[in-house]
Every structure is written in C-alpha cells, then in structure tokens.
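J.: Handing you a structure now.
Numbering (the working numbering), first residue to last: 14 to 176.
Have a look at this one:
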C-alpha cells in the first residue's frame, strides 16, 4: 500500500526558498549560502551556538568545537530563531522559551532534510537512517526524528510525495 506525505506549510516554504537560491539536491544545501541569502553574518568560534538579531543586524555563531553534523544542526536551529522568533529568551516566560525551542527543533528537521529531496533516499532500505545521515550531513538521531514525523503525517489525499 502506498502512502502520501503532505508537507506542512513551513516545509513547503523551505523547499521553495531552497529552489529560489539554487539548492535542488542534498549536497547543495550550504549553510554559508543560506546565511548570505538572508544577509546573516555567520561565524564559527569556540563559544556556544547562538543567534542575535537587532534591527537590520543578524548574526549566527556556531560552536566550532562541535562535529560538522552538529554544526549543521545548530545552524538550522539558530536560523529558525532569526527567521521566526523575536525577543530575548532570557527575559521571556519559560513557556514562551519552550515554544520557541520546540519550533526551532521542528524547523531544523525540515530545513536539514527537506521533503522534496527525500526522493534521493530509499525509505524502505534497512540502512535508511544511515543513508539519510550521510546524504544530508546530519546526525542519525535527527534522521530518526524526521522519519517518525513523516510516518505520523501520512495521508491518503492529494498526492505530493509517495513513501
């Protein structure tokens, strides 16, 4: 039986944006190019990863001590804060911080593993998680979370992506 995956609006937005900046394949996903396209300064230092936005100035710092895969995940997490959130987390209620963190984790899965690029992966392979991690340059944990989300979102109407 075939299932149909219907992406959420944020997933569609990410995929359209990647196409707009010329990223069509997983190997073309590039943090520097993405940051540049949003006019975000991107730095790698031996400090914790963070995002800072003040008026027109936008900065993402990634902890250079992390593995390359972890750096990529931190980039997408911080990118979400720049694009979708406002305010200083230190000063906001715990429930707002938790909501922003939840949203950033979700955004990271979608931005690091776009639904329209999954056609390069055999989702029935017993090595699907490892193949996804190697292809998208992210952790196996993130790939597992993405697959779980895909399986939870299977639909039977309006085909977009077959799994």
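Even glycine gets a Cβ: it sits at the ideal position worked out from N, Cα and C.
Once DSSP output is grouped into helix, strand and coil, what is the label at residue 169?
T.: By one-based count along the chain shown, residue 169 stands at place 156. With a pLDDT of 49 at residue 169, under the threshold of 50, the modelled position of this residue cannot be trusted; read the value that follows with caution. Residue 169: coil per DSSP, three-state reduction.
J.: Can you give me the C-alpha to C-alpha distance between residue 176 and residue 97, rounded to a whole angstrom?
T.: Here residue 176 refers to the residue found at position 163 when the chain shown is read from its first residue. Here residue 97 refers to the residue found at position 84 when the chain shown is read from its first residue. With a pLDDT of 48 at residue 176, under the threshold of 50, the modelled position of that residue is not reliable, and the figure given next carries that caveat. Approximately 29 Å between the Cα atoms of the pair.
J.: CA-CA distance, residue 122 and residue 54?
T.: The residue you call residue 122 lines up with position 109 of the chain shown. The residue you call residue 54 lines up with position 41 of the chain shown. Taking the straight line from one Cα to the other gives about 22 Å.
J.: Give the secondary structure of residue 67 by DSSP, where H, G and I count as helix, E and B as strand, and everything else as coil.
T.: Here the question's residue 67 lines up with position 54 in the chain shown. In the structure shown, residue 67 sits in a strand (DSSP, three-state: E or B).
J.: Would you grab the beta carbon distance between residue 58 and residue 74 for me? Rounded to a whole angstrom, and I think it's under 8 Å.
T.: In the chain shown, the residue the question calls residue 58 occupies position 45. In the chain shown, the residue the question calls residue 74 occupies position 61. 6 Å between Cβ atoms; contact.
J.: Around the Cβ of residue 21, are there at least 16 other Cβ atoms within 10 angstroms (buried) or fewer (exposed)?
T.: Sequence index remark: in the chain shown, residue 21 carries index 8 (1-based). Residue 21 should be labelled exposed.
J.: Once the 5 residues before and after residue 14 are set aside, which same chain residues still bring their CB inside 6 Å of it?
T.: Within the chain shown, residue 14 is the residue found at index 1, counting from 1. Note on residue 14: pLDDT 45, under 50, position unreliable in the model; the coordinate value appears next. Excluding residues within five positions, none has a Cβ falling inside 6 Å.
J.: Would you grab the beta carbon distance between residue 125 and residue 155 for me? Rounded to a whole angstrom, and I think it's under 8 Å.
T.: Mapped onto the chain shown, residue 125 falls at position 112. Mapped onto the chain shown, residue 155 falls at position 142. So it is a contact: roughly 6 Å between Cβ atoms.
J.: Take residue 37 as the anchor and find which of 137, 128 and 71 has the nearest alpha-carbon.
T.: Locating residue 37 in the chain shown gives position 24, where the first residue counts as 1. Residue 128 is the option with its Cα nearest to residue 37.
J.: Closest to residue 88 by C-alpha separation, out of 45, 107 and 116, would be which residue?
T.: What you label residue 88 is simply residue 75 of the chain shown in a count that begins at 1. Answer by Cα proximity: 45.
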